[in-house]
Amino acid sequence: AATLRYTFVVQETNHTRLCTNKQLLTVNGQFPGPTITARRGDTVIVDVINRGDHNITIHWHGVKQPRYPWSDGPEFVTQCPIKPGGNFTQMVFLSDEEGTLWWHAHSDWSRATVHGLIYVLPRLGTTYPFRQPDAEVPMIIGEWWNDDIQNVFEEFMSSGADPANSDALTINGQPGDLYNCSAAGTTRIQVESGKTYLLRMVNAAMNNIAFFGIANHSLTVVGTDGAYTKPLTSTYIVISPGQTLDILLEANQPRNHYYIASKLFNAQRGSAFDNTTTTAIVEYTGNYTASSPPIFPVLPAFNDSNASFNFTASLRSLASAEHPIDVPLTIKRTLLYTLSINLLPCAVNGTCERADGNRFAASINNITFDMPSTSVLQAYYRGVNNGVYGPDFPDNPPLKFNYTQRTGLNASWRFPETGTDVQHLKHNETVELVFQGTNLVGGVDHPMHLHGHSFYVVGAGFGNFKRSRDVPNYNLVDPPLMQTIAVPQNGWTAIRFKADNPGVWFMHCHLERHVSWGMGMVFIVRNGKTTNARVLPPPPDMPPC
Ligand code: C2O
Ligand code: CU
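So for the sequence shown, full-length UniProt numbering puts the first residue at 366; every next one is plus one.
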């Protein structure tokens with residue numbers, strides 16, 4: 366395995382979209398940011414230099430960082446932020462991940478513009494478990510705000526209400542030609558007839574799950590979240606914020622221009638196939654006249670929960686001799702966590718403007734996460750958690766009711782407790798965790814992301830989880846190995862993993878508005894007995910708290 370080195374200069378640079386010129390926080394001046402290319406098992410050293418004017422941290426999303434949470438990045442969970450003028454050399458320890466991952470800022474809402482892809486290629490001398498593509502193509506779904514994202518974030522936090530929507534979805538940083546002033550910049554992917562392309566896709570958007578498709582072409586998913594899958598061919602895909610997909614595209618259609626389109630999947634908030642749709646173009650090389658009108662893909666309706674659920678539920682791991690699975694079959698720790706949107710009185714944590722006197726909050730097991738002002742990891746490592754975190758998180762929800770009904774609920778249940786609770790796990794403990802969506806204040810899909818581990822998604826459904834009915838139906842043969850899973854609206858998802866990575870690991874909803882409202886918690890995986898099962902010591906240049 367190799368050691369590679371990158372320099373990330375975080376800085377404000379000028380960019381223009383939608384006729385608006387503005388300063389954006391970027392890495393190395395690029396929006397989206399630079400791609401890291403490595404091979405399975407490599408170590409990547411990134412010198413992060415903060416030349417911007419506010420605090421930042423960087424997270425390597427999907428990199429497990431064995432025994433080394435120090436470089437993981439979530440602000441106040443594993444580190445204090447890098448201050449303006451400061452720098453931090455981060456170690457990115459790849460282990461068994463292979464495929465597409467990404468990196469992003471993990472402090473306030475900076476990740477809106479501070480993000481990029483990580484390509485993890487097979488080890489030298491090995492190949493993909495699918496047909497070798499002729500070329501690899503980045504496919505980053507993101508967003509553009511005309512307003513400064515820091516303002517968007519501050520207004521959102523002080524209003525107590527939903528955040529402003531972005532002004533455009535983007536593909537590789539471009540809104541596409543359905544938007545004003547955007548035709549010239551539209552992302553164009555040039556393909557040659559007969560060739561195969563590997564799309565390395567991430568949904569880097571802040572608050573929206575997305576549908577995606579390419580006119581007249583089917584998409585063959587071969588990986589997600591840094592693990593390969595059985596080939597899954599579909600005319601559309603759905604991708605959650607935080608999730609990655611590896612997709613094969615065969616240029617097997619008559620020469621033409623074909624639209625790529627992505628739009629919001631948002632069962633509740635609503636948006637049609639109009640200016641919330643971002644486009645890019647697949648253009649065949651060679652001589653031809655492009656069709657007019659152009660050819661658009663057909664995507665599911667914005668509120669088609671079944672289309673979203675069915676796509677995700679069709680993912681399967683390879684489970685082959687070369688790519689075996691090790692889903693835990695005996696479980697030591699069984700957890701049930703509810704995911705809720707809640708309310709808190711405006712007077713808690715400041716003021717807000719909502720007429721009913723409450724702000725939105727969000728919770729796991731009806732505890733809304735209170736971000737400490739120093740690092741949980743540092744407090745744990747030094748054994749001084751007093752005033753930083755604790756007590757232990759409840760294994761099971763404190764409230765028992767019909768989670769997915771709106772009626773008949775005690776109104777007081779809408780109001781969560783507040784705390785920086787953690788969940789301790791023993792080294793190598795096998796865990797089954799069922800996420801249960803609730804409809805306390807409103808139901809919505811929650812893309813849940815766990816740091817430091819991958820997990821097998823063994824089951825999912827709409828409505829309330831029912832152990833006696835649902836456990837026997839788990840897929841323990843070829844469940845997909847993932848790190849971000851959209852728990853369906855008013856439904857449940859069951860995951861299994863082995864807590865084999867000692868450290869402090871954040872788990873949260875990857876919808877930025879939900880994690881900002883408190884839908885997060887921390888797992889502390891205890892050291893094992895042997896020295897190679899302990900958290901490694903911190904680097905000397907940890908940003909000071
Ligand atoms: Cu994409 Cu906590 O991260
Ligand atoms: Cu959520």
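Backbone N, C-alpha and C fix where the C-beta goes; we use that ideal spot for every residue, glycine too.
All values reported here derive from a predicted model rather than from experimental measurement.
- Message: Here's a check: name, in chain order, each residue in its chain whose Cβ is nearer than 7 Å to the Cβ of H879, leaving out the five neighbours to either side.
- Response: A727, H811
- Query: Could you give the residue range of the beta strand (DSSP E) that holds F820?
  - Reply: 820–827
- Query: Closer than 7 Å: is that where the CB of F871 sits relative to any heavy atom of the ligand C2O?
  - Reply: yes
- Message: Relative to the C-alpha of M571, which candidate in G588, S605, A549, S599 has its C-alpha closest?
- Response: S605
- Query: According to DSSP, is S740 helix, strand or coil?
  - Reply: coil
- Query: Using a Cβ-Cβ cut-off of 7 Å (strictly less than) and excluding sequence neighbours within five positions of L774, which residues of its own chain qualify?
  - Reply: F766, L805
- CB of K448 within 8 Å of CB of P904, strictly: no
- Task: Identify the continuous alpha helix (DSSP H) that holds T552 and give its terminal residues.
- Result: From DSSP, T552 is part of no alpha helix (DSSP H); its letter is neither H nor E.
- Message: Just list the residues that DSSP pairs L597 with in beta bridges.
- Response: V586
- How would you label Y653, buried or exposed, when you count the other beta carbons within 10 angstroms and need 16 or more for buried? exposed
- If you draw a straight line from the C-alpha of G559 to the C-alpha of N892, how long is it? 52 Å
- Message: Considering only heavy atoms of the ligand C2O, does any lie closer than 7 Å to the CB of G591?
- Response: no
- Message: Which residue marks the beginning of the alpha helix (DSSP H) containing Q770, and which one marks its end?
- Response: Premise fails: Q770 is in no alpha helix (DSSP H) and is neither H nor E.
- Query: Under a three-way DSSP split, which group does M456 fall into?
  - Reply: strand
- Query: By a C-beta neighbour count over all protein chains shown, 10 Å radius and 16 as the cutoff for buried, is N415 buried or exposed?
  - Reply: buried
- Message: For a quick check, are the C-beta atoms of A738 and P845 less than 8 Å apart?
- Response: According to the sequence displayed, residue 738 carries Ser and not Ala. It is not a contact, given that the beta carbons lie outside the stated cut-off.
- Task: Report the three-state DSSP secondary structure of V663 (helix, strand or coil).
- Result: coil
- Can you tell which of H622, L563, R724 has the C-alpha that lies nearest to the C-alpha of F500? Looking at the sequence provided, one finds Ala at residue 500 rather than Phe. Closest option to A500, Cα to Cα, is L563.
- Using 10 angstroms around the beta-carbon of A776, count the other beta-carbons present and answer buried if the total reaches 16, otherwise exposed. exposed
- Message: Please enumerate, following chain order, all residues with a beta carbon closer than 7 Å to at least one heavy atom belonging to the ligand CU.
- Response: L704, A727, V809, H811, P812, C874, L876, H879, M884
- Item | The beta strand (DSSP E) enclosing R565, as first and last residue numbers | 561–568
- Could you tell me the distance, in whole angstroms, from the CA atom of Q430 to the CA atom of N793? 16 Å
- Query: Is the closest heavy atom of the ligand C2O to the C-beta of G826 under 7 Å?
  - Reply: no
- Could you check what DSSP says for H688 in three-state terms: helix, strand or coil? coil
- Inter-residue spacing [alpha-carbon to alpha-carbon] between L876 and T535: 17 Å
- Item | Closest residue to D786 among G885, S472, D412, T391 (Cα-Cα distance) | G885
- Does the beta-carbon distance from I421 to V409 come in below 8 Å? no
- Message: Would you say the beta carbon of P737 is closer than 7 Å to some non-hydrogen atom of the ligand C2O?
- Response: no
- From S523 to E718, what distance separates their C-alpha atoms? 8 Å
- Task: Taking only the alpha-carbon atoms, compute the straight-line gap between T769 and T703 and give it to the nearest angstrom.
- Result: 11 Å
- Item | The alpha helix (DSSP H) enclosing D835, as first and last residue numbers | 832–835
- Item | Proximity to C874 [Cα-Cα], best of C910, T642, Q608, T650 | Q608
- Is I660 closer than 8 Å to N581 when the C-beta atoms are compared? yes
- Query: With respect to the beta strand (DSSP E) encompassing M907, which residues constitute its N-terminal and C-terminal limits?
  - Reply: Counting along the chain, M907 falls outside any beta strand (DSSP E), and DSSP gives it neither H nor E.
- Query: Measuring from the CB of P439, is there a heavy atom of the ligand C2O at a distance below 7 Å?
  - Reply: yes
- Could you pull out every residue in the same chain whose Cβ sits closer than 8 Å to the Cβ of I554, ignoring the five residues on either side in sequence? V502, Y562, I625, A645, I646, V647, E648
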